[in-house]
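Scroll down for the structure; my scribbles are underneath it.
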Amino acid sequence: MTQTRKKVLGYGIDLVSFSEALCKVDDSIRDKSGMQIVTINPEMINQGHAIPEMDEILKNAEMILPDGVGIKIALKLKGINQERIAGIEFAKKIIELCAKNGYKIALFGAKQEVIEKTEENLLKEYPELKIVYTRNGYFSKEEEQQIKEDIKNAGPDVIFTALGAPKQEIFNKEMKQLLPGTVFIGIGGSFDVWSGMVQRAPEIWQKTGLEWLYRTLKEPQRFKRIFPTLPLFLIKVIIEVISEK
Ligand code: UDP
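When the letters of the sequence shown are read in order and numbered with our numbering, they come out as residues 1 to 245.
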């Protein structure tokens, strides 16, 4: 796949527009080339530095999209004006694409009532959507093998995995070995939003790139995930930019 990537703290990030990225997903589904999509943020870059499996995933995933506002700022510090591609919006467009083209999808992750409501809402919005597998994201090591078998047998074109990072990325990477022609995307808390159980930030917070701040104010337990991650990340990027000069 020809694409422009820019490295931030060791990991290449695709410099693509939302619509270009969506076209690539469509191509991959059509020609069954398979791809793992990661919508990257500073926390995941930290995980890459700390967890060898995540490091490998971030170095090898076919598509790494700039999700977090921290990534947008990092690219800006490197002189690149890149639009932010919010994972939840991108995933929703893939759902729409699948509904329109009859592609089969699997929904995996979140709590039972969340995944049930998500399925119901998606089918209400896209009655033609072919959902071939749904399961909540709470399972034991023993159940994991069965889940993989079941997903394989269901044969989806796209798998939406919502287990939080890095669990969802690791699952997707392992699952891709069983279904190499499938598109995988890790989508964090998207089912919580699609189920209607969690509200996204009002548009003004989304547009200004401050959705993370809104979520942190609403769920203060997120505070320690953002701080000191974001400021430290930006300091490291500034040091990297200076050393590249
Ligand atoms: N989750 C899951 N299984 C787990 C841990 C988490 O299914 O073992 C789900 C959780 O219910 C939530 C999502 O994974 O729906 C993670 O959401 P979070 O808000 O942490 O992700 P983010 O969007 O911040 O990456």
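Yeah, the Cβ is synthetic: ideal placement off N, Cα and C, and Gly gets one too.
Item: Return the chain-ordered list of same chain residues with a C-beta closer than 8 Å to the C-beta of I187, the five sequence neighbours on each side being excluded.; Value: T39, G87, I88, A91, G109, F160, T161, A162, Q168
Item: What's the gap between the Cα of S33 and the Cα of E219?; Value: 39 Å
Item: Just reading off the alpha helix (DSSP H) that K78 is part of, what are its end residues?; Value: Careful: K78 lies outside any alpha helix (DSSP H) and carries neither H nor E.
Item: Which one or two residues does DSSP pair with K7 in a beta bridge?; Value: G12
Item: Could you give the DSSP three-state label for R215: helix, strand or coil?; Value: helix
Item: Within 10 angstroms of its Cβ, does E120 collect 16 or more other Cβ (buried), or is it exposed?; Value: exposed
Item: Could you tell me if Y103 is buried or exposed, where buried requires 16 or more neighbouring beta carbons within 10 angstroms of its beta carbon?; Value: buried
Item: Hey, is the region 6-13 in contact with the region 62-77, meaning 3+ C-beta pairs nearer than 8 Å?; Value: yes
Item: Quick check on K104: does DSSP put it in helix, strand or coil?; Value: strand
Item: Which residues mark the beginning and the end of the alpha helix (DSSP H) in which T229 is found?; Value: 229-244
Item: Taking only the alpha-carbon atoms, compute the straight-line gap between M35 and F184 and give it to the nearest angstrom.; Value: 6 Å
Item: Put A165 into one of helix, strand or coil per three-state DSSP.; Value: coil
Item: Would you check if there are 3 or more beta carbon pairs closer than 8 Å linking the region 225-240 to the region 69-76?; Value: yes
Item: The ligand UDP and A110: does any heavy atom of the ligand fall closer than 7 Å to the residue's C-beta?; Value: yes
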